[in-house]
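Each remark here refers to the structure printed beneath this line.
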């Protein structure tokens, strides 16, 4: 899907708004999304309070030069800037800086996994993949506790879900 503003780059920012009871979707590239925010003068998002809290919680300087100099390979934002601003530069930052962000997200939210709504465009296969990940984690725990019957049941459930995905049945 291309950016609706510049019509040149792939859209990676998807905005859904409800205006007068009608749903409006806008699909933008990263650059146009940043330009729109500045030119529209949007009010601070409610999530910015959370990002300010994230920034506050991460402001302790460990003095680790490697940590301060580490940059995301996708957007090149340094971890130091994430720590100061409380915002990541792109979705890859979550993966790349996972070891730094994971404890902070767990402290704030109680978990490091999204548990809210997911966009319909992701499809059911996303939810199945996520369910398989959770089951694999459960399977590992059951094997460690030597609960082999429960582990076998979970294994069978994983196999069934993987077969379902292979068939393309995402319901």
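In the working numbering, the protein residues as written are -8 to 162. Backbone N, C-alpha and C fix where the C-beta goes; we use that ideal spot for every residue, glycine too. None of these values were measured; they are calculated from a predicted model.
Query: Continuous beta strand (DSSP E) stretch holding residue 14: start and end; Result: 13 to 19
Query: Per DSSP, cross-strand counterpart(s) of residue 7; Result: 16
Query: Alpha helix (DSSP H) segment containing residue 134, residue limits; Result: 115 to 135
Query: 8 Å CB neighbourhood of residue 130 in its chain, flanking five on each side removed; Result: 142, 145, 146, 149
Query: Whether residue 63 touches residue 80 by CB criterion (7 Å); Result: yes
Query: Where residue 94 falls: helix, strand or coil (DSSP); Result: helix
Query: Proximity to residue 24 [Cα-Cα], best of 96, 92, -2; Result: -2
Query: Neighbour-count burial assignment, residue 6, 16 or more Cβ in a 10 Å radius; Result: exposed
Query: Anticipated Cβ contact below 8 Å, residue 152 with residue 119, distance rounded; Result: 6 Å
Query: Closest residue to residue 116 among 9, 67, 8, 158 (Cα-Cα distance); Result: 158
Query: Between the CA atoms of residue 11 and residue 154 - distance to the nearest angstrom; Result: 43 Å
Query: Cutoff 6 Å; reference residue 65; Cβ partners in own chain excluding five residues on either side; Result: 81, 83
Query: Cβ-based burial, residue 112 [other Cβ within 10 Å; buried from 16]; Result: exposed
Query: Residue 149, DSSP secondary structure in three states; Result: helix
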